[in-house]
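Residues in the sequence shown are numbered from 1 upward in steps of one, following this note's numbering. Ideal placement from N, C-alpha and C gives every residue a C-beta, glycine not left out.
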Amino acid sequence: MGKFIIEESGRLRGKLRVSGGKNSVLPIIAATMLTDETCTIHDVPALTDVLVMQNLIEDFGGTTNWDINRETLAVSVKNICKTEASYELCAKMRASFLAAGPVLARLGEVKMSLPGGCAIGSRPVDLHIKGLAALGATITQEHGYVHAKARRLHGANIYLDFPSVGATENIMMAAVLARGQTIIQNCAVEPEIVDLANFLTSMGAQIRGSGTDTIRINGVESLRGATHTIIPDRIEAGTFMLAAAITNGDVELTNVVVDHLKPTIAKLREVGITITETDEGIRATGSGHRRAIDIKTLPYPGFPTDMQAQFLSMLATTPGTNIVTETVFENRFMHVPELVRMGADIKIDSRSAIIEGVPKLTGTQVKATDLRAGAALILAALSAQGVTEIHDVYHVDRGYFRFDEKLRGLGAKILRID
Ligand code: UD1
């Protein structure tokens, strides 16, 4: 399973390059199934989630060539050889469900295992299914599978009850090959949606309005191969800014889009961290004097739920009463009992965590329960007194490329034992 052993590390200092975004690359790899031509994707981080998506493409009959050192992935799906995705791959990663839209659009049929619950909540896919049904698919759900069929999808007006990132992506990927116009209202506006729209547009899709709450798509007959560079990972960037904040360090990040980091930067400044734009990116400098803040997670451009756990680690040692409210996922405080084991004073009241900052955390054995919870524990351990052992670190590999190596480059005392 692997574990990290982390010692109190002092101030982290240095400069590092942020990798391509996990949440951008996964739908973009799925979208390569919309064409029989080769697509080449740059800045693909070697994450286990990306590996699962690569396996899924191959499972559907595609061929891939992943140059891990150059971070380039070439995908060619001449024919999709089957309609049903392997249960094992679907069960490994929720984002596997992003194959539904492209396979349905290209083949007229797809059968996917319903993603089960996960540590952070039940996470249904009803909005994905409603969207595909509105595009003309006949949907049946039985024995834990969703089966969608349509000779050819048609355009539709779709209003999402909630601006779901995955549902917006799946509907977009299905609609680009549908007959006629699709309008998706109250859709997600995350930067990853814009990245996917840019990739689809370079494949020949006709999409307007990505990044706003209404996307208009005119379906086309076919799409061609394209080359694309993935946007930087705003959550990885945020996590390293927090590493600087929590250790009173000084870290410069390159390969960032500052605009994507606005909500994270706003909260870091509010807590007392100095954030400056540099010629190459952004720099976070801790002062040692932090003040208590309140945070509420929201869909973009609100504060990202994927940064909630990492902030909680910092607020655990921020003097005063801090309140963090999670509105996006129903059960995303699994890291709290682990932080409490490290000496944090945190109480959960419904969807809020009330954090009374303590002067210092102390190292002990803790467990990563999910990806961002794992990152949060690593950050907490960097400034905790003594040694912290973090178990189940495979969660961290899902979303951080060489996390321990990058942290060591900044002076962190972190060792990985597999
Ligand atoms: C994506 C991100 C994830 C991030 C999340 C919210 C990827 C691969 N993952 O996940 O890192 O935390 O956005 O920013 O991009 N919901 C429904 N029905 C649906 C779909 C979603 O009720 O059909 C609910 C979910 O249970 C959740 C909320 O909507 O409570 C947000 O989910 P969604 O935006 O869909 O997140 P994902 O696309 O799964």
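Residue i - DSSP class collapsed to helix/strand/coil
i    : result
G20  : strand
Y394 : helix
D259 : helix
Y145 : strand
C81  : coil
T201 : helix
V324 : strand
V358 : coil
G101 : helix
E389 : strand
F4   : strand
P191 : helix
H289 : coil
Y159 : strand
T35  : coil
S222 : coil
G131 : helix
S350 : coil
S210 : strand
Beta-carbon proximity of residue i to residue j, cut-off 8 Å
i    : j    : result
F401 : L47  : yes
G20  : T247 : no
A175 : L410 : no
I414 : L407 : yes
A376 : A292 : no
G166 : H128 : yes
T138 : A150 : yes
I230 : D195 : yes
V324 : A353 : yes
V18  : D306 : no
L98  : N170 : yes
P163 : P301 : no
A237 : V220 : no
I348 : F333 : yes
T321 : M342 : no
D59  : L26  : no
A100 : A31  : no
A245 : I6   : no
K267 : F311 : yes
M1   : D392 : yes
For residue j and residue i, the rounded distance between their alpha carbons
i    : j    : result
V44  : T72  : 6 Å
K15  : E252 : 5 Å
A384 : I235 : 23 Å
I275 : T35  : 42 Å
K3   : V366 : 10 Å
I80  : M33  : 8 Å
D67  : L223 : 25 Å
A284 : Y145 : 46 Å
F239 : N218 : A small correction: the amino acid at residue 239 is Thr; Phe does not occupy that position in the sequence shown. So the two alpha carbons sit approximately 38 Å from each other.
P115 : A91  : 6 Å
A316 : I346 : 8 Å
N69  : H42  : 11 Å
M173 : I390 : 38 Å
G357 : R123 : 31 Å
L89  : G288 : 45 Å
G180 : S86  : 32 Å
T168 : V387 : 43 Å
T264 : E277 : 14 Å
L12  : D250 : 6 Å
M314 : E280 : 26 Å
L371 : R208 : 33 Å
L132 : F403 : 37 Å
P337 : V271 : 23 Å
T152 : T297 : According to the sequence as given, residue 152 is Arg; it is not Thr. About 38 Å.
Selection from the options that minimises the alpha carbon distance to residue i
i    : options                : result
G225 : S76, L26, G62, K347    : S76
Y394 : V387, A368, E405       : A368
T318 : P359, V336, P337       : P359
T83  : E7, V271, I57          : I57
S350 : T327, I273, L315       : T327
A134 : I183, I378, A266, I29  : I183
N186 : A197, T212, S202       : T212
M203 : V125, I5, T38          : T38
M420 : G61, K78, M93, A74     : Residue numbering for the chain in the displayed model covers 1 to 418; residue 420 lies beyond these limits and cannot be assessed.
I158 : H143, E142, G136       : G136
R398 : G374, E405, P304       : G374
R269 : D279, R290, T254, G281 : R290
V110 : A266, T140, E7, A245   : T140
S113 : H143, L382, G62, K130  : H143
A119 : Q206, F329, T297, T63  : F329
L107 : K78, G272, A95         : K78
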